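Structure first, commentary second.
Number of protein chains: 2
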Amino acid sequence: MLNIGDVARQGGVSVETLRYYEQQGLIETPDRDANGYRKYAPDAVRHIQFIKRAQDVGFTLRDIGDLLSLKADPGASCGDVRDRALGKLSEIEDKIDVLSRMRDILATWTQACPSTGPVSECPILDALEAEKGL
Amino acid sequence: MLNIGDVARQGGVSVETLRYYEQQGLIETPDRDANGYRKYAPDAVRHIQFIKRAQDVGFTLRDIGDLLSLKADPGASCGDVRDRALGKLSEIEDKIDVLSRMRDILATWTQACPSTGPVSECPILDALEAEKGL
DNA sequence: ATAACCCCTGTAGTATACTTCAGGGTCAAG
DNA sequence: CTTGACCCTGAAGTATACTACAGGGGTTAT
Numbered sequence: 217m218l219n220i221g222d223v224a225r226q227g228g229v230s231v232e233t234l235r236y237y238e239q240q241g242l243i244e245t246p247d248r249d250a251n252g253y254r255k256y257a258p259d260a261v262r263h264i265q266f267i268k269r270a271q272d273v274g275f276t277l278r279d280i281g282d283l284l285s286l287k288a289d290p291g292a293s294c295g296d297v298r299d300r301a302l303g304k305l306s307e308i309e310d311k312i313d314v315l316s317r318m319r320d321i322l323a324t325w326t327q328a329c330p331s332t333g334p335v336s337e338c339p340i341l342d343a344l345e346a347e348k349g350l
Numbered sequence: 217m218l219n220i221g222d223v224a225r226q227g228g229v230s231v232e233t234l235r236y237y238e239q240q241g242l243i244e245t246p247d248r249d250a251n252g253y254r255k256y257a258p259d260a261v262r263h264i265q266f267i268k269r270a271q272d273v274g275f276t277l278r279d280i281g282d283l284l285s286l287k288a289d290p291g292a293s294c295g296d297v298r299d300r301a302l303g304k305l306s307e308i309e310d311k312i313d314v315l316s317r318m319r320d321i322l323a324t325w326t327q328a329c330p331s332t333g334p335v336s337e338c339p340i341l342d343a344l345e346a347e348k349g350l
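Going line by line, the protein sequences match chains Y and F. 217 is the number of the first residue of the first sequence in my numbering; add one for each residue after it. 217 is the number of the first residue of the second sequence in my numbering; add one for each residue after it.
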């Protein structure tokens, strides 16, 4: 059995984060020792890593709660999980599209800028003043 | 001279947003009418649009305050503005890189998922449990 | 003069994922 | 027996860019 600090170290998060996850319902309420300390089974570390990996690929804690419910639900199918992943994939693609447009505009502008000369003749500022349809 | 509501409508923002921008120092404090109403010159609308366009390409309000300072500073050069734009460009490219990695992983996973079958045999959940170096 | 709409201030709430703080008990080593 | 490291709770703070609300006054048209 592990103390919260052990789980935190092994899971690569802070103890505050663990308490937060518990409060958010992402970790099942652990048993307590006589002294009131939380006691975790060793596989709690894997559970934390699941959460962190899901975050790494873009899932929010809310999404992760949903995934964990599916994981625990014998009636759920693999397709349910896939749906969540596809939804997230599409969200991410949308974000990439938005950012790519920003990148293209900034790249154009920075290439148009001579770097020298006063700000009164800056093509970037001019573009910000006047650019129409972004 | 325009009331705050006029500027809001023409600039495509809410009056609350205008007051917020003023409080944040992005708009110079407007003169007041006898009744205490803010009175704006017509070019205040252009100023708002500058802010909105800068936001559209990824600048935060803090960044925009910085850009506005440069814009108002006769000693500033076009290169200063270009530096800000290049810095933002690189931030955006970083975000795109992170999101692209997420996208690739999710695409791989969703392709590996058969959609049918119980969650206990879901390759996506398995990957989240076990995946090492993301 | 009454409705409908505009304006004012200041404060608090929203979302996300934590982090920090205040105040206090527990545990292991020397 | 004290020091340092660990644990507890509950509340508040962080960042960003607003939005909403409470409570009150001004303006316009009928």
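The beta carbon of each residue, even a glycine, is placed where N, CA and C say it ideally should be. Note that the structure is a prediction, hence the values are computed from the model and not measured.
**Q.** Outcome for D248 of chain Y when other beta-carbon atoms lying within 10 angstroms are tallied against a minimum of 16
**A.** At residue 248 of chain Y the sequence reads Arg, which differs from the Asp that was named. Looking at its Cβ environment, which holds fewer than 16 other Cβ atoms inside 10 Å, R248 of chain Y is exposed.
Q) Going straight from the alpha carbon of S285 of chain F to that of D320 of chain Y, what length do you get? A) 25 Å
Q. What number of angstroms, rounded off, separates the C-alpha of G291 of chain Y from the C-alpha of T245 of chain Y?
A. 23 Å
**Q.** DSSP state of Y256 of chain Y mapped onto helix, strand, coil
**A.** Annotated three-state conformation of Y256 of chain Y is strand, per DSSP.
Q: Could you check what DSSP says for L242 of chain F in three-state terms: helix, strand or coil?
A: Under the three-state reduction of DSSP, L242 of chain F is assigned to coil, being neither helix nor strand.
Q. Got a sec: is the Cβ-Cβ distance from P330 of chain F to anything in chain Y below 8 Å?
A. yes
Q | Closest Cα partner of Y253 of chain Y within the set Y:L218, Y:D313, Y:K304 and Y:S230 | A | Y:L218
Q) Any idea if R278 of chain Y is buried or exposed, counting beta-carbon neighbours within 10 angstroms, 16 or more meaning buried? A) exposed
**Q.** Of the listed residues F:A328, F:G241, F:G221 and F:A346, nearest to E232 of chain F (C-alpha basis)
**A.** Its Cα nearest to that of E232 of chain F, the residue F:G221 stands out among F:A328, F:G241, F:G221 and F:A346.
Q: Compare the Cα-Cα distances from Y236 of chain Y to each of Y:Q226, Y:I264 and Y:A257 and report the closest residue.
A: Y:I264
(Q) 8 Å is my cut-off, CB to CB: does G349 of chain Y come that close to chain F? (A) Legend: pLDDT at G349 of chain Y = 48, less than 50; position of this residue unreliable, value from coordinates given subsequently. Cβ-Cβ to chain F under 8 Å: no for G349 of chain Y.
**Q.** Which residues DSSP lists as bridging L218 of chain F, in chain order
**A.** Looking at the DSSP assignment, L218 of chain F forms a beta bridge with F:Y256.
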